[in-house]
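Take a look at the structure set out below.
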Amino acid sequence: MPYFLSTPMMRQYHAIKRENPDSILLYRMGDFYETFGDDAKIVAKELDIALTARDKNSENPIPLAGVPYHALDNYLSKLIKKGHRVAICEQLEDPKSAKGLVKRGVTRIVSQGTVVEGSMLSNSNNFLASVNETDDGLGLSIMDISTGEFSTAQFRDRESLESEMARYSPAEVIIPDGNENIANWMMALGMNTTPRKAESWMYPVSKKILEERFGNVEELKTYPMAITAAGAILSYATDTQFSELPHLRPPSLMVKTNTMTLDAVTLRNLEIVRTISDSSKDTLFAVINRTSTAGGSRRLKDWLLRPLHNLEMIDERHDAVQELFDNTLSRREIRDILKGFQDVERLLSRLGHGSISPRDLDSLRSSLDTLKDLKQFLSEEPLKSKLMKRLIKSIDPHKQVSQKLAEALVEDPPLVLRDGGIFKKGYSQELDDLRARASSGREWVTALESEEKKKTGIPKLKVGYNRVFGYYLEVPKAYAKKVPESYHRKQTVAAG
Numbered sequence: 006m007p008y009f010l011s012t013p014m015m016r017q018y019h020a021i022k023r024e025n026p027d028s029i030l031l032y033r034m035g036d037f038y039e040t041f042g043d044d045a046k047i048v049a050k051e052l053d054i055a056l057t058a059r060d061k062n063s064e065n066p067i068p069l070a071g072v073p074y075h076a077l078d079n080y081l082s083k084l085i086k087k088g089h090r091v092a093i094c095e096q097l098e099d100p101k102s103a104k105g106l107v108k109r110g111v112t113r114i115v116s117q118g119t120v121v122e123g124s125m126l127s128n129s130n131n132f133l134a135s136v137n138e139t140d141d142g143l144g145l146s147i148m149d150i151s152t153g154e155f156s157t158a159q160f161r162d163r164e165s166l167e168s169e170m171a172r173y174s175p176a177e178v179i180i181p182d183g184n185e186n187i188a189n190w191m192m193a194l195g196m197n198t199t200p201r202k203a204e205s206w207m208y209p210v211s212k213k214i215l216e217e218r219f220g221n222v223e224e225l226k227t228y229p230m231a232i233t234a235a236g237a238i239l240s241y242a243t244d245t246q247f248s249e250l251p252h253l254r255p256p257s258l259m260v261k262t263n264t265m266t267l268d269a270v271t272l273r274n275l276e277i278v279r280t281i282s283d284s285s286k287d288t289l290f291a292v293i294n295r296t297s298t299a300g301g302s303r304r305l306k307d308w309l310l311r312p313l314h315n316l317e318m319i320d321e322r323h324d325a326v327q328e329l330f331d332n333t334l335s336r337r338e339i340r341d342i343l344k345g346f347q348d349v350e351r352l353l354s355r356l357g358h359g360s361i362s363p364r365d366l367d368s369l370r371s372s373l374d375t376l377k378d379l380k381q382f383l384s385e386e387p388l389k390s391k392l393m394k395r396l397i398k399s400i401d402p403h404k405q406v407s408q409k410l411a412e413a414l415v416e417d418p419p420l421v422l423r424d425g426g427i428f429k430k431g432y433s434q435e436l437d438d439l440r441a442r443a444s445s446g447r448e449w450v451t452a453l454e455s456e457e458k459k460k461t462g463i464p465k466l467k468v469g470y471n472r473v474f475g476y477y478l479e480v481p482k483a484y485a486k487k488v489p490e491s492y493h494r495k496q497t498v499a500a501g
């Protein structure tokens, strides 16, 4: 019998693996994510962990390698950095209440362009791209799932598309499956590509995907190649994240009328974000980047890659910079306030697809408080430049959200949801009642154990629990003669 048919669990594993043949499948079993077969061999080699076997004594032992669930981010990061695509298969029900085999299913597929974990990302964007080419032209779409950015464009020639794509340096590029011309082109550019089924690139399909998600995409109606690229990348993102990604912004056109287009050669020769030797150090961006927030760092890079050519907008920006430069004390105070502002774009991204942690929510609360402090300070400052005035007016600290989070969360929330202890006492009467019952239940068990010890004179008597018997009394064999007749024996263990 093949290994994948040997047990119900292995049949379940194989069925899920068959649906994700191009991914390493991390299969949750209790406190571990297990891998089997060829996946196990890859994982053991890439992570430098032990390769063992399931059914070691059988004719065909199954290669096995696992990682603890609490260290997933660390191991996942290593696999992604080495270019692997990983499908995370979770237990979809509580094993304690499961009847028979625990239900499992893939909840996320992680690749270089779909990472959202803060521990695996730098302050820079992590762009996913899609590229298509037909007789009608070329389409390029760019998305950062971790921040919600989404843009698209249509081009007449490859050179123009390459210049635009050079601004983004995408971590992963989606291309039509079976299109060797595009595959070879992207390979020549050094891109990490992922083929996507052909129907994803059909104009009617892409248009429908975009309209169902964002409504009327009027801005794009005269750019069919931009629509197909945008529909394909949105389909890929939602399929891999198993989420509608509510934080995504509607796709905007990349090519802006107020900014210059710098081609790939110019970007490289000017060493704006990459040096000629392909390093991020000693670039223009690295030298002038003194931003206080992750979002500010990303915005500065975007400004450098898309310099303004509208004189009025240039003057407005210069006036704001000059005003802040002349007000040293104000500038320093603003920087100090901004240091308390977390990467809200990415916090909202994790909130959008349900992976936000209690501590992330507290970071969101503190960031909203920081916005309130910033708006208050700027409103009291004599800042007169047009750009600063518009900026001050646009700041919304979302006081109701901040207040709700402050009312709900404890002062120092846990890092992960499973640790509990997230909400303040008094926030939810129902939760307070459940906590009281749980606490009194533990107290009742402790009191029962103490009482039975006194009654029986058995100092090592214990109250235990399992799914078969429920609560039970455990007595060492040495005290068997002291067991009262009112006790009913359920089981004798080998250890006595």
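What the sequence shown shows, in this note's numbering, is residues 6 to 501, in sequence order.
Backbone N, C-alpha and C fix where the C-beta goes; we use that ideal spot for every residue, glycine too.
T375 to L352, Cα distance in whole Å?
Approximately 15 Å between the Cα atoms of the pair.
How many whole angstroms separate the CB atoms of A176 and F132, which I take to be in contact at a CB cut-off of 8 Å?
With 8 Å as the limit, A176 and F132 qualify as a contact, their Cβ atoms being about 6 Å apart.
From T298 to D307, what does the alpha carbon distance come to, in whole angstroms?
Using only the alpha carbons, I get a separation of about 14 Å.
What did DSSP end up calling D149 once you bin it into helix, strand or coil?
Here D149 sits in strand by DSSP.
Flag this pair as yes or no: are the beta carbons of I179 and Y241 separated by less than 9 Å?
In contact: I179 and Y241 (Cβ atoms closer than 9 Å).
Go through its chain and collect everything with a Cβ distance to V480's Cβ below 7 Å, but skip five positions before and after it.
If we look at V480 and ignore the five residues flanking it on each side, its Cβ neighbours are I463, L466 and V488.
Starting from the Cα of G475, find the closest Cα among E276, R322 and K495 and give me that residue.
Closest by alpha carbon: K495.
Looking only at its own chain, which residues have a Cβ that is under 8 Å from the Cβ of S384, when we skip the five neighbours before and after it?
Here the set comprises I397.
In terms of residue numbering, what span does the alpha helix (DSSP H) encompassing G300 cover?
Taken as a continuous stretch (DSSP letters only), the alpha helix (DSSP H) holding G300 covers A299 to L310.
Could you give the DSSP three-state label for F3: helix, strand or coil?
With the chain running from 6 to 501 in the structure shown, residue 3 is simply not present.
Which value, in whole angstroms, describes the spacing of the CA atoms of R447 and E217?
Distance between the alpha carbons of R447 and E217 is about 51 Å.
Using only alpha-carbon positions, find the residue among N128, T266 and P419 that is nearest to D365.
With distances taken between Cα atoms, D365 lies closest to P419.
Could you spell out the range, first to last residue, of the beta strand (DSSP E) harbouring Q405?
Where Q405 is concerned, there is no enclosing beta strand (DSSP E), although the alpha helix (DSSP H) it sits in stretches over K404 to A413.
Could you tell me whether the Cβ atoms of F41 and Y18 are closer together than 9 Å?
Cβ distance < 9 Å, so F41 and Y18 count as in contact.
Can you give me the Cβ contacts of T112 inside the same chain, cut-off strictly under 7 Å, excluding the 5 residues immediately before and after it?
So the list reads I93, E95 and F247, once near-sequence residues are dropped.
Can the beta-carbon of L258 be found less than 9 Å from the beta-carbon of L310?
Contact flag unset, no.
Can you list, in chain order, the residues of its chain whose CB lies under 8 Å from that of L313, leaving out five sequence neighbours each side?
So the list reads N263, T264, M265, I319 and R322, once near-sequence residues are dropped.
Note down, one range per segment and in chain order, each alpha helix (DSSP H) of at least 4 residues found wholly within the segment 200-275.
Runs of the alpha helix (DSSP H) inside the segment 200-275: 208-219, 229-246 and 269-275.
Jot down the residue ranges of each uninterrupted alpha helix (DSSP H) in the segment 383-457, minimum 4 residues, whole runs only, in chain order.
The segment 383-457 contains these whole alpha helix (DSSP H) runs: 391-399 and 404-413.
Compute the Euclidean distance between the alpha carbons of E386 and G301, then round it to the nearest angstrom.
Whole-angstrom Cα-Cα distance: 21 Å.
In the DSSP assignment, find the unbroken beta strand (DSSP E) run with V115 in it and report its ends.
Unbroken beta strand (DSSP E) run through V115: R109 to V115.
Answer yes or no: does any C-beta atom of chain B fall closer than 9 Å to that of D401?
In the structure shown, chain B cannot be found, because there is only a single protein chain.
Going by DSSP, name the residue or residues bridged to A92.
Beta-bridge pairing links A92 to L30 and I114.
Between which two residues does the beta strand (DSSP E) harbouring F37 extend?
Its beta strand (DSSP E) spans residues F37 to F41.
Between which two residues does the beta strand (DSSP E) holding R351 run?
Element bounds for R351: not the beta strand (DSSP E) but the alpha helix (DSSP H), V349 to G357.
Run through DSSP, which three-state label would P363 get?
P363: helix per DSSP, three-state reduction.
Excluding five sequence neighbours on each side, which residues of the same chain lie with their C-beta closer than 6 Å to the C-beta of T233?
Within the same chain, T233 has close Cβ partners N137, G144, W206, Y208 and S211.
Mark V121 as exposed unless 16 or more other C-beta atoms lie within 10 angstroms of its C-beta, in which case mark it buried.
By the neighbour-count rule (16 or more Cβ atoms within 10 Å), V121 is buried.
Going by DSSP in three states, T333 sits in which element: helix, strand or coil?
Helix at T333.
Do D324 and K391 have their beta-carbon atoms positioned less than 9 Å apart in this structure?
Yes.
What residue range is occupied by the uninterrupted beta strand (DSSP E) comprising Q159?
Here the beta strand (DSSP E) through Q159 covers E154 to F160.
Cβ of S354 within 9 Å of Cβ of I150?
Their beta carbons are under 9 Å apart, which means S354 touches I150 by this criterion.
If the criterion is Cβ atoms closer than 9 Å, does the pair P402 and K380 meet it?
For P402 and K380, yes; Cβs fall inside 9 Å.
Let me check understanding here. Comparing Cα to Cα, which of N184, A103 and L166 lies closest to A134?
Out of N184, A103 and L166, L166 has the C-alpha closest to the C-alpha of A134.
Give a yes or no on whether the C-beta atoms belonging to R90 and V115 are separated by under 9 Å.
Going by C-beta atoms, R90 is nearer than 9 Å to V115.
Roughly how many whole angstroms lie between the Cα atoms of L329 and E338?
Their Cα atoms are separated by approximately 11 Å.
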